[in-house]
């Protein structure tokens, strides 16, 4: 199918691949411009855009119906939503603009450009196809797991002690279920938060009866038709009638093979989020140089999806002379609610060299830890300290010397309410 041509004052048809939060935000931004003539959204899932953070919390606990996760759509006649439609190929070789190929073989030209917002898919392991083995990435994943939890399983085993694993563990405990949490690192969250902070975050899980096992690798999950046990690398066998895999994710880039767009651990973009001629990327799939923190990597956070979705759309419009191409720089921010506790991370703990609890204490379950890389403060992690985390988020918008950050922490005192 050939899309309408662009005139001097208009932008021809644009495609957004991925009916995600980043994709939705890109659509919202594109239709703010009167120059945009048509936007077509392709989503592989059968659902219109929805919010993912509640899936591992309110939805699993049964306090939300899934409809509460629905996001408000764009009310604009220029936008067409094609959900349940998988894009399997992109061709950027034609100077007139990108071309998409769908699973059914149809080919569509989008001379206005393409926004890639396909997100990421969960990692898996041997035996994941068994009934009773779940991941929590999509709406259908969460509904399937909630249905299984409604059966009152005797033993839930969670593989992976990251944000998803910890949130699912909390939801299961609040349902009165027996839970074992398995983590390969010596302390939960050790790689991203450090051992001391990681242990402080997981302490409430231990107190509530979760069997937290660190330094524990899983070989496979086993069963006949339904999962029955988890086999550990050391030969130990754990009984389980529900298993949840929280092993992290990999970016959805397979469909871009041979497209002319560079992929690796995500879609490789320049500092402005441009990935190729009239092609931009946003959200979990986008890998870009964040000059504020001197990093070239992906950021898998809700807030980043929104900010990048908007920036990528504006960058695509700049390709057509509407606006200017600006670098995308951000202070990453992520949160996790577990029981009554709120964990917040601002900045980048990636490759940190030192972590110090500068306010409060781990024992009080109310603290802020600061993170150093080189001579600079690069992140702050707050546990039940929302106001103080907000202050550090503003502070991190500009480079901050580590010595200055510690001095300011001393002046503000050990804990702020």
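In the numbering used here, the protein residues as written are 61 to 477. Glycine is no exception: its CB is placed at the ideal position from the N, C-alpha and C atoms. Please read all numbers here as calculations on a predicted model, not as lab measurements.
To the nearest angstrom, how far is the alpha carbon of residue 320 from that of residue 329?
About 12 angstroms.
Quick one: is the Cβ of residue 82 within less than 8 angstroms of any heavy atom of the ligand COA?
Here there are no bound small molecules, and the ligand COA is not part of this structure.
For residue 350 and residue 244, the rounded distance between their alpha carbons:
One Cα belongs to residue 244, the other to residue 350, and the distance between them is close to 29 angstroms.
For residue 195, which beta-bridge partners are listed by DSSP?
Looking at the DSSP assignment, residue 195 forms a beta bridge with 305.
With DSSP collapsed to three states, give me the class of residue 401.
Looking at residue 401 - three-state DSSP - the assignment turns out to be strand.
Just list the alpha helix (DSSP H) runs in the stretch 339-392, keeping only unbroken ones of 4 residues or longer that don't cross its boundaries, in chain order.
Within the stretch 339-392, the runs of alpha helix (DSSP H) at least 4 residues long that lie entirely inside it are, in chain order, 362-378.
Using the three-state DSSP reduction, which class does residue 463 fall into: helix, strand or coil?
DSSP places residue 463 in helix when its eight states are reduced to three.
From the DSSP output, which residues share a beta bridge with residue 327?
In the DSSP assignment, residue 327 forms a beta bridge with 323, 346.
Can you round the beta-carbon distance between residue 241 and residue 270 to whole angstroms, since I take them to be within the 8 angstroms contact cut?
Sure, about 5 angstroms apart at Cβ, within 8 angstroms.
Look up residue 110 in the DSSP assignment and give the residues it is bridged to.
Note: residue 110 sits in a beta bridge opposite 130.
Residue range of the beta strand (DSSP E) that residue 412 falls in?
Careful: residue 412 lies outside any beta strand (DSSP E) and carries neither H nor E.
Determine the closest residue to residue 312 out of 223, 360, 280, with distance taken between C-alpha atoms.
From the listed residues 223, 360, 280, the smallest Cα separation to residue 312 is found for 360.
Alpha-carbon to alpha-carbon, residue 404 and residue 479
What is shown of the chain runs 61 to 477, which leaves residue 479 out entirely.
Residue 411 to residue 433 span [Cα, whole Å]
Across the structure, residue 411 and residue 433 are spaced so that their CA atoms are roughly 7 angstroms apart.
Identity of the residue in 272, 273, 336, 300 nearest residue 283 by Cα:
The alpha carbon of residue 283 has as its nearest neighbour, out of 272, 273, 336, 300, the alpha carbon of 300.
When burial is assigned at 16 or more other CB atoms within 10 Å of the CB, is residue 467 buried or exposed?
Here residue 467 is exposed, its C-beta having fewer than 16 other C-beta atoms within 10 Å.
Rounded C-alpha distance that separates residue 424 from residue 127:
C-alpha separation (whole angstroms): 37 angstroms.
Which whole-angstrom value is the C-beta distance of residue 375 and residue 334, which I expect to be below 8 angstroms?
About 6 angstroms separates the two Cβ atoms, so the contact holds.
Using the Cβ count rule (16 or more neighbours within 10 Å means buried), how would you classify residue 236?
With fewer than 16 neighbouring CB atoms inside 10 Å of its own CB, residue 236 falls in the exposed class.
Does the pairing of the stretch 131-150 with the stretch 251-271 give three or more beta-carbon distances under 8 angstroms?
They do not touch, by the three-pair rule.
Whole angstroms are fine: how far does the CA of residue 413 sit from the CA of residue 461?
The alpha-carbon atoms of residue 461 and residue 413 are separated by roughly 14 angstroms.
What did DSSP end up calling residue 313 once you bin it into helix, strand or coil?
Coil, per DSSP.
Using only alpha-carbon positions, find the residue among 465, 435, 419, 464 that is nearest to residue 5.
The structure shown does not extend to residue 5, since the chain is modelled only from 61 through 477, so no value can be given for it.
Would DSSP call residue 85 helix, strand or coil?
DSSP places residue 85 within a helical segment (H, G or I) once states are collapsed to three.
Quickly, what does DSSP pair residue 478 with across the bridge? List them, please.
Because the chain in this structure spans residues 61 to 477, residue 478 falls outside the shown range and cannot be described.
Length of the line joining the Cα atoms of residue 296 and residue 161:
Roughly 47 angstroms between the two C-alpha positions.
In this structure, what does DSSP give as the bridge partners for residue 431?
Under the DSSP definition of a beta bridge, residue 431 partners with 415, 439.
Fully enclosed by the stretch 220-275, which alpha helix (DSSP H) runs are 4 residues long or longer?
Qualifying alpha helix (DSSP H) stretches, in chain order: 223-234, 250-253, 255-267.
Cα-Cα separation between residue 217 and residue 398, rounded to whole angstroms:
Cα to Cα, the separation comes out at about 17 angstroms.
Could you please give me the residues that DSSP links to residue 180 through a beta bridge?
Note: residue 180 sits in a beta bridge opposite 311.
Leaving out the 5 sequence neighbours to the left and right, which residues in its chain are closer than 6 angstroms to residue 459 when beta-carbon positions are compared?
Excluding positions up to five away in sequence, the list reads 436.
Could you tell me which residues DSSP puts in a beta bridge with residue 169?
Under the DSSP definition of a beta bridge, residue 169 partners with 159.
Continuous beta strand (DSSP E) stretch holding residue 289: start and end:
Taken as a continuous stretch (DSSP letters only), the beta strand (DSSP E) holding residue 289 covers 287-292.
Are the beta-carbon atoms of residue 379 and residue 173 separated by less than 9 angstroms?
Taking 9 angstroms as the cut-off, the beta carbon of residue 379 is found closer than this to the beta carbon of residue 173.
To which residues does DSSP link residue 73 through a beta bridge?
Answer is none; residue 73 lacks a bridge partner.
Mind checking who residue 151 pairs with in its DSSP beta bridge?
In the DSSP output, where bridge partners are listed per residue, residue 151 has 159.
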